[in-house]
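Protein chains in written order, with the numbering used here: chain R, 1379 to 1494; chain Z, 857 to 971.
In structure tokens:
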């Protein structure tokens, strides 16, 4: 069975600085998808970034980038130039393709506080 | 694109009554939708996978007779909590997946309080 682990329950960062959230996963499959979702106090889940496992290039979305290490089964999220609006719970998630029973499996979450 | 709505956003009901929550994909068709439950400060727990035109697939430990799911069209899935009890109080979130991609897009959630 696939598992996702986020080992940092809480983190804080000063505004404008950079922070990295860690995520590891376990699977015996070679094709899968990885996601980072953000859940602000409104509790709306927002997609931050996604990565296909077959792509070696790390995904980036503006201030958000990932460090995808397939052999190590690691998928960390780097937030550059942190903003107050980045304060939220961040969930790492893993998914197989639908024909492999593609349910989204979430980590426990990391609560990020951006301080002014 | 990829907007998912949920209605109602919050509901308070008496113990023993049934509550229906709607999940709609507003700008895309979704053969598959998902229902999650989330307790405070915890991760999302998948309850069931809703498939248009067929029966939902429930996760282990989720009572299918208590949490009725109907996916009548490519843009609408409903979750009915039957004979609700205080322990059913929670935050319920739906998501929908475009048929052409792997990403799930989430609704804003429904906060249910059973008195």
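Don't be surprised by glycine CBs; every beta carbon is placed ideally from N, CA and C.
Helix, strand or coil: how does DSSP classify residue 971 of chain Z here?
For the purposes of this step, residue 971 of chain Z is taken as residue 115 along the second chain, with counting starting at 1. DSSP places residue 971 of chain Z in coil when its eight states are reduced to three.
Below 7 Å CB to CB, which residues in the same chain sit around residue 870 of chain Z once its five sequence neighbours on both sides are set aside?
Looking up residue 870 of chain Z in the second chain gives position 14. For residue 870 of chain Z, where only same-chain residues beyond five positions count, the Cβ hits under 7 Å are 971.
Under three-state DSSP, which class holds residue 944 of chain Z?
To locate residue 944 of chain Z, count along the second chain from 1; it is residue 88. DSSP places residue 944 of chain Z in helix when its eight states are reduced to three.
Is there a Cβ of chain R sitting closer than 7 Å to that of residue 969 of chain Z, yes or no?
Within the second chain, numbered from 1, the residue matching residue 969 of chain Z stands at position 113. By this cut-off, residue 969 of chain Z is not an interface position.
Using the C-alpha atoms, what's the distance from residue 902 of chain Z back to residue 915 of chain Z?
The residue given as residue 915 of chain Z occupies position 59 in the second chain. The residue given as residue 902 of chain Z occupies position 46 in the second chain. The alpha-carbon atoms of residue 915 of chain Z and residue 902 of chain Z are separated by roughly 7 Å.
Does the beta-carbon distance from residue 883 of chain Z to residue 909 of chain Z come in below 7 Å?
If you number the second chain from 1, residue 883 of chain Z lands on position 27. If you number the second chain from 1, residue 909 of chain Z lands on position 53. No. Outside cutoff.
My guess is that residue 1442 of chain R and residue 1382 of chain R are in contact by the Cβ rule of under 8 Å, so how many angstroms apart are they, rounded?
Here residue 1442 of chain R refers to the residue found at position 64 when the first chain is read from its first residue. Here residue 1382 of chain R refers to the residue found at position 4 when the first chain is read from its first residue. Their Cβ separation, rounded to whole angstroms, is 18 Å, which puts residue 1442 of chain R and residue 1382 of chain R out of contact at 8 Å.
Give me the Cβ distance between residue 1456 of chain R and residue 1390 of chain R, rounded to the nearest whole Å; I'm assuming they're in contact under 8 Å.
Taking the first chain and counting its residues from 1, the one referred to as residue 1456 of chain R is at position 78. Taking the first chain and counting its residues from 1, the one referred to as residue 1390 of chain R is at position 12. With 8 Å as the limit, residue 1456 of chain R and residue 1390 of chain R do not qualify as a contact, their Cβ atoms being about 16 Å apart.
My understanding is that residue 930 of chain Z touches residue 862 of chain Z, with C-beta atoms under 8 Å, so please give their C-beta distance in whole angstroms.
On the second chain, position 74 is the one that residue 930 of chain Z refers to. On the second chain, position 6 is the one that residue 862 of chain Z refers to. Actually they do not touch by this definition, with Cβ atoms about 17 Å apart.
Which of helix, strand or coil does DSSP assign to residue 930 of chain Z?
Indexing the second chain from 1 puts residue 930 of chain Z at position 74. Coil, per DSSP.
Taking 7 Å as the cut-off, decide whether the C-beta atoms of residue 1394 of chain R and residue 1464 of chain R are in contact.
Position 16 of the first chain, counted from the first residue, corresponds to residue 1394 of chain R. Position 86 of the first chain, counted from the first residue, corresponds to residue 1464 of chain R. No, these two residues do not count as a Cβ contact at 7 Å.
Per the DSSP calculation, residue 962 of chain Z is bridged to which residue(s)?
Sequence index remark: in the second chain, residue 962 of chain Z carries index 106 (1-based). DSSP output for residue 962 of chain Z lists Z/951 as bridge partner(s).
Grouping DSSP H, G and I as helix and E and B as strand, with all else coil, what is residue 1399 of chain R?
Translated into positions along the first chain, residue 1399 of chain R becomes position 21. The answer is strand: DSSP assigns residue 1399 of chain R an E or B state.
Would you mind working out which of R/1466, R/1447, R/1404 and R/1429 sits nearest residue 1489 of chain R, comparing C-alpha positions?
Your numbering for residue 1489 of chain R matches position 111 in the first chain. Checking every option, the nearest Cα to that of residue 1489 of chain R belongs to R/1466.
Is it true that the CB of residue 860 of chain Z sits closer than 7 Å to the CB of residue 952 of chain Z?
Stepping through the second chain from its first residue, residue 952 of chain Z is reached at position 96. Stepping through the second chain from its first residue, residue 860 of chain Z is reached at position 4. Closer than 7 Å, so yes.
What is the C-beta distance between residue 1486 of chain R and residue 899 of chain Z, in whole angstroms, given that I count them as a contact (C-beta under 8 Å)?
Walking along the first chain from the start, residue 1486 of chain R turns up at place 108. Walking along the second chain from the start, residue 899 of chain Z turns up at place 43. At roughly 5 Å, the Cβ-Cβ gap stays under 8 Å, so residue 1486 of chain R and residue 899 of chain Z are in contact.
Would residue 872 of chain Z and residue 933 of chain Z qualify as a contact pair, given that the criterion is a beta-carbon distance under 7 Å?
Position 16 of the second chain, counted from the first residue, corresponds to residue 872 of chain Z. Position 77 of the second chain, counted from the first residue, corresponds to residue 933 of chain Z. Contact: no.
Suppose you measure from the CA of residue 887 of chain Z to the CA of residue 1437 of chain R; what does that come to, to the nearest Å?
Translated into the one-based positions of the second chain, residue 887 of chain Z becomes position 31. Translated into the one-based positions of the first chain, residue 1437 of chain R becomes position 59. Going from the Cα of residue 887 of chain Z to the Cα of residue 1437 of chain R covers about 27 Å.
Pick from Z/864, Z/867 and Z/889: whose alpha carbon is nearest that of residue 958 of chain Z?
For this step, residue 958 of chain Z is matched to residue 102 along the second chain. Answer by Cα proximity: Z/889.
Straight-line CA distance for residue 1446 of chain R to residue 1452 of chain R?
In the first chain, the residue the question calls residue 1446 of chain R occupies position 68. In the first chain, the residue the question calls residue 1452 of chain R occupies position 74. Near 6 Å, if we compare the C-alpha coordinates of residue 1452 of chain R and residue 1446 of chain R.
Quick check: is the beta carbon of residue 1463 of chain R nearer than 7 Å to any beta carbon in chain Z?
By one-based count along the first chain, residue 1463 of chain R stands at place 85. Not closer than 7 Å to any Cβ of chain Z, the Cβ of residue 1463 of chain R fails to qualify, so no.
Which residues in the same chain as residue 866 of chain Z place their Cβ atom closer than 8 Å to its Cβ, once the five residues preceding and following it in sequence are excluded?
Walking along the second chain from the start, residue 866 of chain Z turns up at place 10. Excluding residues within five positions, the ones whose Cβ falls inside 8 Å are 966, 967, 968 and 969.
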